[in-house]
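Take a look at the structure below.
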Amino acid sequence: MKEELISADFAAYFKNYISMVEEDDVIAALKKSTKKFKKLCKLLNEENTTYRYAEDKWTIKEMLLHIIDTERIFNYRALCFARNEQAALPGFNHDEYVAHSNANNRSFKSIRKEYFAVRKATILLFKSFDENMLNKVGVMNGNKLSVLGIGFVIAGHQQHHINVLHEKYLCQ
1 MKEELISADF
11 AAYFKNYISM
21 VEEDDVIAAL
31 KKSTKKFKKL
41 CKLLNEENTT
51 YRYAEDKWTI
61 KEMLLHIIDT
71 ERIFNYRALC
81 FARNEQAALP
91 GFNHDEYVAH
101 SNANNRSFKS
111 IRKEYFAVRK
121 ATILLFKSFD
131 ENMLNKVGVM
141 NGNKLSVLGI
151 GFVIAGHQQH
161 HINVLHEKYL
171 CQ
């Protein structure tokens, strides 16, 4: 099923995120990525989450809030498509969202807590979708994607940023 998403007529950057997910079941993928986030949190603390590897790059806190914001936005999109929304949904400027997130004035603990609350809601949302809903396709930011594809993109987007964290931030 996941392979069909990769070969479908969806934007390449969606396919990139989907291909980062090992599981073929979206709920299993979301649960596994939750465990990966929990493992990542063991490497993070209040001090190192304000680190940025270059002046024009996000801090770890900003990146974590970007993951949360993106998951919320993709959940909204999944809900819209599952409920048969026909209007094309707009994109969002992730740099503007990060710039106005107040991430660096928040505690790492509060961001971590928010992540787990959002992820719990994500899993419950995707569990509520039947097969017909999961297969519905909508348009967002000018690109088509199915509800099921959105679930895999959520997990893959997080994995992409975990990879960046390990390669650029936690390699010191």
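The working numbering puts the sequence shown at residues 1 to 172.
Ideal Cβ positions, reconstructed from N, Cα and C, are used throughout, including at glycine.
Predicted, not measured: the structure shown is a model, and the values here were computed from it.
Reduced DSSP secondary structure (H/G/I, E/B, other) of residue i
{"i": "Asn105", "result": "helix"}
{"i": "Leu170", "result": "coil"}
6 Å Cβ shell around residue i - same chain, five flanking residues per side excluded
{"i": "Leu64", "result": "Ile111"}
{"i": "Phe116", "result": "none"}
{"i": "Ile154", "result": "Glu71 and Phe74"}
{"i": "Lys42", "result": "none"}
Other residues of its chain near residue i: CB distance less than 8 Å, five sequence neighbours each side excluded
{"i": "Ile73", "result": "Phe92"}
{"i": "Glu85", "result": "Gly138"}
{"i": "Thr50", "result": "Thr59, Ile60, Lys61 and Asn104"}
{"i": "His66", "result": "Trp58, His94, Tyr97, Val98, Ser101 and His161"}
Range of the contiguous alpha helix (DSSP H) that encloses residue i
{"i": "Tyr76", "result": "Ile60 to Ala82"}
{"i": "Glu47", "result": "Looking at the DSSP string, Glu47 is not in any alpha helix (DSSP H), and its letter there is neither H nor E."}
{"i": "His94", "result": "His94 to Ala99"}
{"i": "Phe14", "result": "Ala12 to Ser19"}
Same chain, Cβ closer than 7 Å to residue i, neighbours up to 5 away in sequence not counted
{"i": "Ala82", "result": "Phe129, Met133, Lys136 and Val147"}
{"i": "Gly149", "result": "Leu5, Phe10, Phe14 and Ile18"}
{"i": "Val118", "result": "Ile68, Glu71 and Arg72"}
{"i": "Ser107", "result": "Glu46"}
{"i": "Leu44", "result": "Ile60 and Phe108"}
{"i": "Glu23", "result": "Ala29 and Lys32"}
Distance between beta carbons of residue j and residue i, contact taken as under 8 Å
{"i": "Ile123", "j": "Leu30", "result": "5 Å"}
{"i": "Ser101", "j": "Glu55", "result": "18 Å between Cβ atoms; not a contact."}
{"i": "Ile27", "j": "Phe126", "result": "6 Å"}
{"i": "Val21", "j": "Lys36", "result": "About 11 Å; that fails the 8 Å criterion."}
{"i": "Asn141", "j": "Pro90", "result": "7 Å"}
{"i": "Tyr97", "j": "Tyr169", "result": "Contact doesn't hold; Cβ gap of about 20 Å is too wide."}
(request) Ignoring anything shorter than 3 residues or poking outside the region 106-164, list the beta strand (DSSP E) runs there in chain order. (result) Within the region 106-164, the complete beta strand (DSSP E) runs of at least 3 residues are 137-140 and 143-146.
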